[in-house]
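Chemist: One structure, pasted below without further comment.
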Amino acid sequence: MGERNAFKALIIGGSVGGLAAAHELGSVGAEVAVYERSAGRTEPRGAGIVMQPEVEMLLERLGSSARSVGVLLHERQQLHFHGKAERYKAPQLMTSWDTLYRALRDPLTDVCYRLDSSLARVRVEGHDVTAEFSDGYTVRGNFLVGADGIGSATRRLIDPAARPAYAGYVAWRGLESESRVPDDLLELLSDRFTFFGSRGMQMLCYLVPGPNGELEEGARRVNWVWYVNVAERNLSRLMAGRSGEQFAHFLPPGELMPGTVEEVGAQADSSLPPQFARLVRLSEVFMQPVFDLPPYRMVADHAALIGDAAGTVRPHTASGTSKAFGDAAGLAAAMNGWTPSKALPARGLEEWEVRRLAHLARLSEIGIELAVTSSLGVANGRQFFDSE
Ligand SMILES: Cc1cc2nc3c(=O)[nH]c(=O)nc-3n(C[C@H](O)[C@H](O)[C@H](O)COP(=O)(O)OP(=O)(O)OC[C@H]3O[C@@H](n4cnc5c(N)ncnc54)[C@H](O)[C@@H]3O)c2cc1C
Numbered sequence: 018m019g020e021r022n023a024f025k026a027l028i029i030g031g032s033v034g035g036l037a038a039a040h041e042l043g044s045v046g047a048e049v050a051v052y053e054r055s056a057g058r059t060e061p062r063g064a065g066i067v068m069q070p071e072v073e074m075l076l077e078r079l080g081s082s083a084r085s086v087g088v089l090l091h092e093r094q095q096l097h098f099h100g101k102a103e104r105y106k107a108p109q110l111m112t113s114w115d116t117l118y119r120a121l122r123d124p125l126t127d128v129c130y131r132l133d134s135s136l137a138r139v140r141v142e143g144h145d146v147t148a149e150f151s152d153g154y155t156v157r158g159n160f161l162v163g164a165d166g167i168g169s170a171t172r173r174l175i176d177p178a179a180r181p182a183y184a185g186y187v188a189w190r191g192l193e194s195e196s197r198v199p200d201d202l203l204e205l206l207s208d209r210f211t212f213f214g215s216r217g218m219q220m221l222c223y224l225v226p227g228p229n230g231e232l233e234e235g236a237r238r239v240n241w242v243w244y245v246n247v248a249e250r251n252l253s254r255l256m257a258g259r260s261g262e263q264f265a266h267f268l269p270p271g272e273l274m275p276g277t278v279e280e281v282g283a284q285a286d287s288s289l290p291p292q293f294a295r296l297v298r299l300s301e302v303f304m305q306p307v308f309d310l311p312p313y314r315m316v317a318d319h320a321a322l323i324g325d326a327a328g329t330v331r332p333h334t335a336s337g338t339s340k341a342f343g344d345a346a347g348l349a350a351a352m353n354g355w356t357p358s359k360a361l362p363a364r365g366l367e368e369w370e371v372r373r374l375a376h377l378a379r380l381s382e383i384g385i386e387l388a389v390t391s392s393l394g395v396a397n398g399r400q401f402f403d404s405e
C-alpha cells in the first residue's frame, strides 16, 4: 500500500475502466476523482460481458466474487439451419455491464464521481494537470487518466491524429428479460453459450444477470449479439436515431428507425436459424459498429490512456473489459510511491506502456483472425443492409 493521498488522480470516464482505475490508483494511495460525461447512469449501456480473470481478481479484492455477479453456463452449442445443435461441456460465467458497474461503483461512495462532466481541455503546468469541462467546471490534480472510451476526448488532446477506423461490420444487439422470451426458446438458450455462423455474419447468445443483478431463474436477461457485414456507406443511415440524433459509436435501444427495425427483422428471417430470428424479432434492438483503434501510445506528460481510449480490441476475444482492468492495475503499479514533488516515474510508465501496447497488439491480432474466420470485415465479403 502506498503513502496515503500521495497524489491526486483525475479520471476521465466513469465506466468500468474508469472505476477499475479508481480502485487500483486508490489502492496505491492516490486521491481519486472520476468525471463522467453522461448526465445519469440510468440510460442503457453495454450489455453482456464474458467473465475474465482480471475482472475476477479485482472483484475478489473488493470482497465480492465473480460467482455473485455472474450467470453460470454449462455448455456451448452451435445452431444449424437443419439438424440438431451440436453441444459440448464448457462452463463459463457471464455478467453484464450494469451488474459489473454496480459492483465497482458501490464501494466508492466516498469518492468524487461527477456526472455531466465532458472533458474539453487539459493543461499541464509544473507538477499539476488541470482538466476543464464543457460546463466550465475546472479541477486541478497531479495526474490525469483518460478512461473515456473509443471516442476519447483525452486521446484527441494527447494525439489528435489517432482515429478509430470502421472495421466493416456492426453488432446488432438485444438484451431482453427472460420473462419475455417464450418457454421453448428459453429452454434452448438458458444454461448454454449458443453460436451460429454463416458467411459474413455470426450470432451468439447467452444469459446474463437481471437489471438489478438478479441471478435467479425468471429474473435474468437474454443477451444476444449478431455481427453482420455492413458497408461503410450504409452506416450513417442505420445510425440515424428516431429522436433525430445521429449516433457514431452506439445506437441505443429505442432509437432504431421503424424502417430499420423492419429491415433487421426481415434480414433475420432470411438468414438466421428460426430460433435466433424469433429472438431478434421480439427484442428491442440496439447497435454498435465495430472499430479498430491501432495501438500507438498510452502515456503523455502527466497523463495516461487506458481501456478503449488507449486502443480497441475486436469483441470476439471478449476481452475489452479485462484489458481495461489490466491497464489500470499496471498503471497503479507504475505510479506506486510517486509524490508530486518528485519527477514522474518515467521508466515505470514507459515499461507499462510497452507491455500493455504489446498485449493490445496481440489481442487485436487474435480478434481480427477470429473475425476473418467468419468473413467479417474482409475485403469483398458478403454484405448486408445495402440500400443500393
Ligand atoms: C459488440 C461488442 C461486444 C462486446 N463484448 C464484450 C465482452 O463480452 N466482454 C468485454 O470485456 N468487452 C466487450 N466489449 C468491449 C467493451 O465494451 C469495452 O472494451 C469496455 O467497455 C471498455 O471500457 P472503458 O471503460 O475503457 O470504455 P467505455 O465503457 O466506452 O467507457 C467510456 C466512458 O467515458 C465516458 N466519456 C466519453 N467521453 C467523455 C468525455 N469527453 N468526458 C468525460 N467522460 C467521457 C463515456 O460516457 C463512458 O462512460 C464489446 C464491445 C462491443 C462493441
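Numbering (my numbering), first residue to last: 18 to 405.
C-beta: ideal position from N, C-alpha, C; glycine also.
1. Pull the bridge partners of threonine 147 from the DSSP assignment, please.
2. Counting only runs of 4+ residues fully inside the segment 52-98, write out the alpha helix (DSSP H) ranges in chain order.
3. Whose CA, out of Arg298, Asn397, Glu195, lies closest to the CA of valine 278?
4. Taking only the alpha-carbon atoms, compute the straight-line gap between glutamate 48 and leucine 79 and give it to the nearest angstrom.
5. By how many angstroms is the C-alpha of serine 339 removed from the C-alpha of isoleucine 66?
6. Taking 7 angstroms as the cut-off, is the CB of alanine 346 close to at least one heavy atom of ligand 1?
7. Determine the DSSP secondary structure at alanine 182, reduced to helix, strand or coil.
8. Could you tell me which of His91, Arg131, Arg314 sits nearest to glycine 57, measuring between CA atoms?
9. May I have the straight-line CA-CA distance separating leucine 117 from threonine 334, to the nearest angstrom?
10. Residue range of the beta strand (DSSP E) that valine 239 falls in?
11. Would you give the residue range spanned by the alpha helix (DSSP H) that glycine 343 belongs to?
12. Taking all protein chains shown into account, decide if glutamine 95 is buried (16 or more other Cβ within 10 angstroms of its Cβ) or exposed.
13. Going by C-alpha to C-alpha distance, which of Asn229, His99, Tyr154, Glu103 sits closest to arginine 93?
14. Could you check what DSSP says for glutamine 263 in three-state terms: helix, strand or coil?
15. For aspartate 123, is the classification buried or exposed, using 16 other Cβ atoms within 10 angstroms of its Cβ as the cut-off for buried?
16. Using a Cβ distance threshold of 8 angstroms, determine whether the segment 158-166 contacts the segment 20-39, with at least three qualifying pairs required.
17. DSSP three-state call for aspartate 200: helix, strand or coil?
18. Does tryptophan 369 come out as helix, strand or coil in the three-state DSSP assignment?
Modeler: Here's the rundown:
1. Arg140, Arg157
2. 70-78
3. Arg298
4. 18 angstroms
5. 10 angstroms
6. no
7. strand
8. Arg131
9. 18 angstroms
10. 238-246
11. 337-352
12. exposed
13. Glu103
14. strand
15. exposed
16. yes
17. helix
18. helix
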